[in-house]
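The structure appears right after this line, and notes come after that.
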Amino acid sequence: MQNILLNCHHYLAFIALILIAWATINGIIGNMSEKVWEPKHQKVNLFALIATHTMLLLGVVLLGMAMANADMGEIMKNAVARKQYVEHPMMGILAAVFVTIGNAKSKKGVGNGKRFKSTMIFYGIALILVLSRLPFEKLF
Numbered sequence: 002m003q004n005i006l007l008n009c010h011h012y013l014a015f016i017a018l019i020l021i022a023w024a025t026i027n028g029i030i031g032n033m034s035e036k037v038w039e040p041k042h043q044k045v046n047l048f049a050l051i052a053t054h055t056m057l058l059l060g061v062v063l064l065g066m067a068m069a070n071a072d073m074g075e076i077m078k079n080a081v082a083r084k085q086y087v088e089h090p091m092m093g094i095l096a097a098v099f100v101t102i103g104n105a106k107s108k109k110g111v112g113n114g115k116r117f118k119s120t121m122i123f124y125g126i127a128l129i130l131v132l133s134r135l136p137f138e139k140l141f
């Protein structure tokens with residue numbers, strides 16, 4: 002069961018990363034070129050939101066399964082374990098929060114500029130957070 006969830010979390014990370022990057026690029030291009038906000042931009046944001054929240058849910062379940070009998074003192078002393086069990090989940094939570102804020106602000110924004118700017122800022126922060134704690138040694 003844990004391996005299935007871990008594989009889903011692993012491969013969904015690629016999808017979420019691509020969608021967050023796509024939303025960020027849409028925000029940058031739209032902000033710089035004064036494009037008109039279209040429903041396709043909102044759909045990209047929504048799909049990135051769904052992928053991020055699904056990945057977060059899988060990650061929380063995996064973390065709960067892994068931490069059932071863990072000693073936090075030992076985890077905090079070990080840099081590799083600390084990255085896996087503390088820093089990686091915290092950045093995932095923060096990225097999901099920023100994606101949620103970016104999606105809400107882009108829906109409520111008045112005018113094309115504010116929508117693209119909020120997408121660029123909040124999805125860009127989420128992209129940086131995800132990339133900062135992505136376990137590159139376990140990707141391939």
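Counting with my numbering, you get residues 2 to 141 for the letters of the sequence shown. Using N, Cα and C, we set each Cβ at its ideal position, and we do this for glycine too. Small disclaimer: the values here were computed from a predicted structure and weren't measured.
Distance between residue j and residue i (C-alpha atoms, nearest Å)
| i | j | result |
| --- | --- | --- |
| Trp38 | Lys118 | 11 Å |
| Arg83 | Glu75 | 9 Å |
| Ile30 | Asn8 | 33 Å |
| Lys109 | Arg116 | 8 Å |
| Ala17 | Ala127 | 11 Å |
| Leu59 | Lys41 | 27 Å |
| Met68 | Val111 | 44 Å |
| Tyr12 | Gly93 | 15 Å |
| Asn70 | Leu47 | 36 Å |
C-beta atoms of residue i and residue j nearer than 7 Å
| i | j | result |
| --- | --- | --- |
| Gly103 | Tyr124 | yes |
| Ala107 | Thr120 | For the record, residue 107 in the displayed sequence is Ser; it is not Ala. Cβ distance < 7 Å, so Ser107 and Thr120 count as in contact. |
| Glu6 | Leu63 | Here residue 6 turns out to be Leu, not Glu, going by the sequence shown. Yes; because the gap between Cβ atoms is below 7 Å, this pair is in contact. |
| Asn27 | Val45 | yes |
| Val100 | Leu50 | yes |
| Leu130 | Ala96 | yes |
| Met56 | Ala14 | yes |
Three-state secondary structure (DSSP) of residue i
| i | result |
| --- | --- |
| Asn38 | In the sequence as displayed, the identity of residue 38 is Trp instead of Asn. Coil. |
| Ala71 | coil |
| Gly112 | coil |
| Asn27 | helix |
| Leu135 | coil |
| Asn104 | helix |
| Met66 | helix |
| Met2 | coil |
| Asn79 | coil |
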